[in-house]
Amino acid sequence: MSTPEPQSSRWQSQFDLSENLTCVLDEMFRVVYCNRAWDIAAKANGVEQATGDRLRGQALLLYVPRALEYHYSKVLEKAREKHIVVFTDYECNTPNVYRKYRMKIAPVPETPLLALVHTVLIEGSIPYRVHSAIDYDYGSGDVVTMCAQCRRTKLLHANVWDWVPEFVQRAPPRVTHGICDDCIALYCRTSEPS
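Those letters in the sequence shown? Residues 279 to 472, by our numbering.
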């Protein structure tokens, strides 16, 4: 089911040429628009299913890891209900590139829509200690917890979160998702503009 784009000519042009990854959601948090930068990033990261054509009409939260769903639903609701701009930072890493983004969630004037504008804050080498999948007994078949935010991993009963590049490309067979201590701290910094 496709969601109509209310008076898109008024707001869409400002996002069309932006280099920032941008999507626009309706009042039910369904995707009504993704800009070209969004589609380019989706294709470059091998996730064709995340292009605007595929997402349009879909609830964005269906594509958010369950461990993060509550946080993002509250951030979206806050922006929508209070008609304010809200910021939240997050990581979107590949096996070899660290990327930290700031997502600006803003009401689109004179519409019930929310614009999600993702700006790269940091892009560079992975700042974590790198481990291979066989280090620290990851090869033993134990349950592995993966942070749904940064994708670092730890054994279920361990206290240390490791960066295992192989797991970013392909999750281990016995994986569960959680949130590491560093990423929980990111949620505390979700903010409104001052």
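Beta carbons: idealized from backbone N, C-alpha and C, even for Gly.
| Asked | Found |
| --- | --- |
| Contact set for Val398: own chain, Cβ-Cβ below 7 Å, skip 5 residues either direction | Arg377, Tyr379 |
| Expected contact under 8 Å - CB spacing of Asn371 and Val446 to nearest Å | 6 Å |
| Contained beta strand (DSSP E) runs [length at least 3] in the stretch 340–407, N- to C-terminal order | 364–369, 376–385, 392–402 |
| As assigned by DSSP and simplified to three states, the class of Cys428 | coil |
| Per-residue DSSP class, three states only, for Cys301 | strand |
| Inter-residue CB distance, Leu303 and Val310 (contact presumed, cutoff 8 Å) | 7 Å |
| Beta-bridge partners of Ala337, as assigned by DSSP | Arg308 |
| Rounded separation between Lys360 and Ala315 - CA only | 28 Å |
| 7 Å Cβ cutoff, Ala449 in contact with chain B | Absence of chain B from the displayed structure is noted, only one protein chain being present. |
| Contacts around Cys458, its chain only, beta-carbon distance under 8 Å, and the 5 residues preceding and following it disregarded | Cys425, Gln427, Cys428, Arg430, Lys432, Trp439 |
| Contacts around Ile400, its chain only, beta-carbon distance under 6 Å, and the 5 residues preceding and following it disregarded | Lys378 |
| Chain-order list of residues whose beta-carbon lies under 6 Å from that of His455 (same chain, five-residue window excluded) | Pro343, Ala345, Met424, Ala426 |
| Residue of Leu354, Pro451, Ala320 minimising C-alpha distance to Arg308 | Leu354 |
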